[in-house]
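Novice: Protein sequences, first through last, are from chains E and G.
Everything in the first sequence is counted per the working numbering, starting at 50 for the first residue and increasing by one.
Everything in the second sequence is counted per the working numbering, starting at 17 for the first residue and increasing by one.
We put the beta carbon where it would ideally sit given N, CA and C, even for glycine.
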Amino acid sequence: MFLLALRDACWLTLLAFPLIGFDLVQKYGETGKEIIFEWQAIGTIFIGILLIRLAAGFFKRYRIYRCPEGRLQEAKLGISNIVSKVYRLFDHRLHQRPALVTLFALAVALPFLPRVSNAALDVLTLAFIYVVLGLGLNIVVGLAGLLDLGYVGFYAVGAYGYGLLYQYWGWSFWQALPACGMIAALFGVVLGFPVLRLRGDYLAIVTLGFGEIIRIILNNWDSFTNGPNGISSIPRPTLMGLEFSRQAKEGATTFHDFLNIEYSSNHKQIFMYLLLLSMAVFTMFVVERLQHSRLGRAWIAMREDETACAAMGINTTLAKLSAFGLGACWAGFAGGFFAARQGFINPESFTFIESATILAIVVLGGMGSTVGVTIAALAVVIIPELARGFSQYRMIIFAVALVALMLFKPEGLLPAKRRMYELHPDDPNDLNHENQSVLEVTRQ
Amino acid sequence: MYFLQQCINGLTLGSIYALIAIGYTMVYGILGMINFAHGEIYMIGAYLGIIVIGLAGVFGITSTPVALMLAISLAVAITSAYGWTMEKIAYHPLRNAPRLAPLISAIGMSIFFQNFVQIGQGAKDLALPPLIQGGFAIGDPAGFQIRFSHVQLLLIVVTVVVMAGLTLFIKGTKIGMAMRATEQDRGMAALLGINPDRTISQTFIIGSGLAALAGVLVSLHYGLVNFSIGFLAGIKAFTAAVLGGIGSIPGAMLGGLLLGMIEALASAYFTTEYKDVFAFGILAAVLIFKPNGLLGHNYVEKV
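#1: Looking at Thr287/E and Leu198/E, is the spacing between their C-beta atoms short of 8 Å?
#2: If you draw a straight line from the C-alpha of Val234/G to the C-alpha of Ser121/G, how long is it?
#3: Please decide whether Pro227/E counts as near chain G, where near means a Cβ-Cβ distance under 8 Å.
#4: Are the C-beta atoms of Val43/G and some chain E residue less than 8 Å apart?
#5: Buried or exposed for Asp250/E, please, with buried defined as at least 16 other CB atoms from any protein chain shown within 10 angstroms of its CB.
#6: For Gln161/G, would you say it is in contact with chain E, using Cβ-to-Cβ distances shorter than 8 Å as the test?
#7: List the residues of chain G that Gln255/E touches, going by C-beta distances under 7 Å, in chain order.
#8: Under 7 Å, CB to CB, which of the residues in the stretch 181–202 of chain E have a partner in chain G?
#9: Along chain G, which residues have their Cβ under 9 Å away from the Cβ of Arg285/E?
#10: Would you mind telling me which residues of chain E sit closer than 9 Å to Arg115/G, beta carbon to beta carbon, in chain order?
#11: Closer than 7 Å by beta-carbon distance: list the chain E residues that pair up with Gln137/G, in chain order.
#12: Taking Gly237/E as part of the alpha helix (DSSP H), name the residues at either end of that continuous run.
#13: Take Leu247/E as the anchor and find which of Leu196/E, Phe107/E, Trp270/E has the nearest alpha-carbon.
#14: Excluding five sequence neighbours on each side, which residues of the same chain lie with their C-beta closer than 6 Å to the C-beta of Asn187/E?
#15: Quick check on the DSSP output: what are the complete alpha helix (DSSP H) runs of length 4 or more inside the stretch 168–239 of chain G, in order along the chain?
#16: What are the start and end residues of the beta strand (DSSP E) that includes Ala153/G?
#17: Let me confirm a value: Gly55/G is counted as buried when at least 16 other C-beta atoms fall within 10 Å, else exposed. Which label applies?
#18: Which runs of the alpha helix (DSSP H) spanning at least 4 residues fall entirely within the stretch 235–280 of chain E, listed in chain order?
#19: Does the beta carbon of Asp141/G come closer than 8 Å to any beta carbon on chain E?
#20: Helix, strand or coil for Val411/E, going by three-state DSSP, please let me know.
#21: Would you please verify whether the beta carbon of Thr101/G is less than 8 Å from any beta carbon of chain E?
#22: Could you spell out where the beta strand (DSSP E) holding Ser166/E opens and where it closes?
#23: Could you check if Val429/E is buried or exposed, using at least 16 other CB atoms within 10 Å of its CB as the buried criterion?
#24: From the DSSP output, which residues share a beta bridge with Leu142/G?
#25: What does DSSP give as the partner residues of Thr365/E in its beta bridges?
#26: Put Leu20/G into one of helix, strand or coil per three-state DSSP.
#27: Between which two residues does the beta strand (DSSP E) holding Ser96/G run?
#28: Quick check on the DSSP output: the alpha helix (DSSP H) that includes Ile105/G runs from which residue to which?
#29: Give me the Cβ distance between Ile178/E and Phe387/E, rounded to the nearest whole Å; I'm assuming they're in contact under 8 Å.
#30: Alpha carbons only, please: which of Met328/E, Ile445/E, Gly258/E, Gln391/E is nearest the one belonging to Ser282/E?
#31: Measuring CA to CA, which of Met455/E, Arg443/E, Leu451/E is closest to Gln134/G?
#32: From Ala58/E, Gly374/E, Phe382/E, Gly345/E, pick the residue whose C-alpha is nearest to that of Phe222/E; which is it?
#33: Name, going along the chain, the residues of the stretch 86–98 of chain G whose beta-carbon falls closer than 7 Å to a beta-carbon of chain E.
#34: For Val133/G, decide whether its Cβ has a neighbour in chain E, counting only Cβ atoms nearer than 8 Å.
#35: According to DSSP, what are the bridge partners of Ser165/G?
#36: Counting C-beta neighbours from all protein chains within 10 Å, is the total for Lys306/G 16 or more, i.e. buried, or is it exposed?
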């Protein structure tokens, strides 16, 4: 195994060499042409790949479908299995409610604990926005099985919805928020119409195109959206008309004046945190209820087999459009909150990489699993913040993690139970691949 | 006159799209997956071309044709190796996985390559001095002239030659036959003694090589490359492949040229800012109204 790892490491290092290995100090037209070799970087890459390859080889041994008898060992070794064990404990009907209530109480109490910094609250606030986004995309991708790569477009629609409503008509956050969701849902339905007939990869690429079109239009329609400069000084939300600033605008009262306490910038932060916490919890609740509703079951049926689903009398057109619309609606809400949190938006925040991140959250959490997606959203936002020192390598680590996840655990960390069976077809209880491909050949 | 000029520009752009689109269409034909990282492979090809030309300068190779040949051959070889390795690491283990898995793996590879090159070569544009200068100018020297640079000529000629070569290769050789067989029915091809894994690897090698060729030619043409050029080029090349009918190699060529022309004319007569919107709009329209493309096969879904 070590020799194999060595071989792979040598090959990959050799490949990386032309792109990483040297700095060409090339000034054309000047005489000083030279090469600086970056041996240190190459050495690091070599050792890094070697270690990763050894670790991968080690994990591969314990993969379920490589050696069936290794199954027990895998159950003992996998970290994710420990996680899912803990999860199953909570999943038990008797434990679920108390556990959730405790968690929620802890989350509410968090900002009032000593030693919790503003920065930490800010990160958590952002994480809750991603929880909403992840759960919204979970409706489209996880439940309805429609691969949407342009989800960030609806997020942008929501954010710009609030920004523009404020800029042109001076709408406040609470007036604009429902509008954000509705505009985004409208966009979702309108863009969902043309792609009703598309499936799988084609759908993915067309939705990606739609997402990019929205961004390009926002970027270029200078007279309306202010182009690349974006919209700035968007007001923060108020609490029943109470502002969280030091000085109130005319005719308004500030929070600290109203309660007769000292002004503190913490109030604003805590308020945003609690607001988004409740939004995230509300989203979780709605998505969880939707999942078990008539519509949610129609989505899942459609994901499993569209033809069979239509044959059973489900209106797939309606199911698809409602999935697009509801998914986009949550993205719109998240966008409104994002605009309010940042106070500034521009098209740069809504690139494809954002869509990929949200998709990664859904996949990482286990598609269709509400709790899984929530945990994944928190992890995807918080872990990179903890690893600030590696900020240059953040995206590369993210990319490697995405590929590794697909290779080793395509069902995500906390898969919805139904999904788990689907993605491990070579489970002993199920048809295995060999059988399946033979079946396909004979069928044709 | 202006129209003719735009046609030449469109043809140049279209050749590049066509070269990249072939990689998409071949992979899609055989594996049925969108190789999302293909645009990044093209970007790596462009970078390698510039790096090799720079190295040639350091080692004292001053003759332009030699440096160019060296750049093209080395960039194509190394990029093919990248394509092969990418397939082995990120796609091969997912051969029988559900459709979403390889797509996400491909998105991961795409992000990886972008950041890899960004870390290795910096986020700034990398510039290449104009190696091949000059061109033809047709028309009244005082009025509007049609400019047709030598690089554009080279680009179009190379594309045509490579396309012809590839068509012959697919039609005539054993490897090409194996590819066609695997595309039609992988299981049956395997029963008849074709190694599908090897055929798929060869497909990735050829596709990556062509993308690298496009990359080197583009860096010669524009003189600038950036780590983020792959994404948009990849999407547009995919559009070209879909336009021509995905899975069909002549379709990819036709689709590439058409898309290049449409884009050049759209940016000439409407606006430059929205030329990407045109490309995406065409993609959506083709997929919705004629999902099999111009030269694609008709597939009927059996239940």
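Specialist: Walking through what the data contain:
#1: no
#2: 27 Å
#3: no
#4: no
#5: buried
#6: no
#7: The sequence shown places Val at residue 255/E, rather than the Gln named in the question. Residues of chain G passing the Cβ test: Leu299, Ala300, Leu303.
#8: Leu196
#9: Those within 9 Å of Arg285/E in chain G number zero; the least Cβ separation is about 33 Å.
#10: Leu196, Gly249, Asp250
#11: Leu68
#12: 222–241
#13: Leu196/E
#14: Val411, Val422
#15: 190–200, 202–207, 212–238
#16: 151–154
#17: buried
#18: 249–269, 271–274
#19: no
#20: helix
#21: yes
#22: Element bounds for Ser166/E: n/a, residue is neither H nor E.
#23: buried
#24: Val241/G
#25: Looking at the DSSP assignment, Thr365/E forms no beta bridge with any residue, so it has no partner.
#26: helix
#27: It is not in any beta strand (DSSP E) - Ser96/G instead sits in the alpha helix (DSSP H) that spans 80–102.
#28: No alpha helix (DSSP H) contains Ile105/G, which DSSP labels as neither H nor E.
#29: 6 Å
#30: Gln391/E
#31: Arg443/E
#32: Phe382/E
#33: Ile94, Ala97, Tyr98
#34: yes
#35: Gly151/G
#36: exposed
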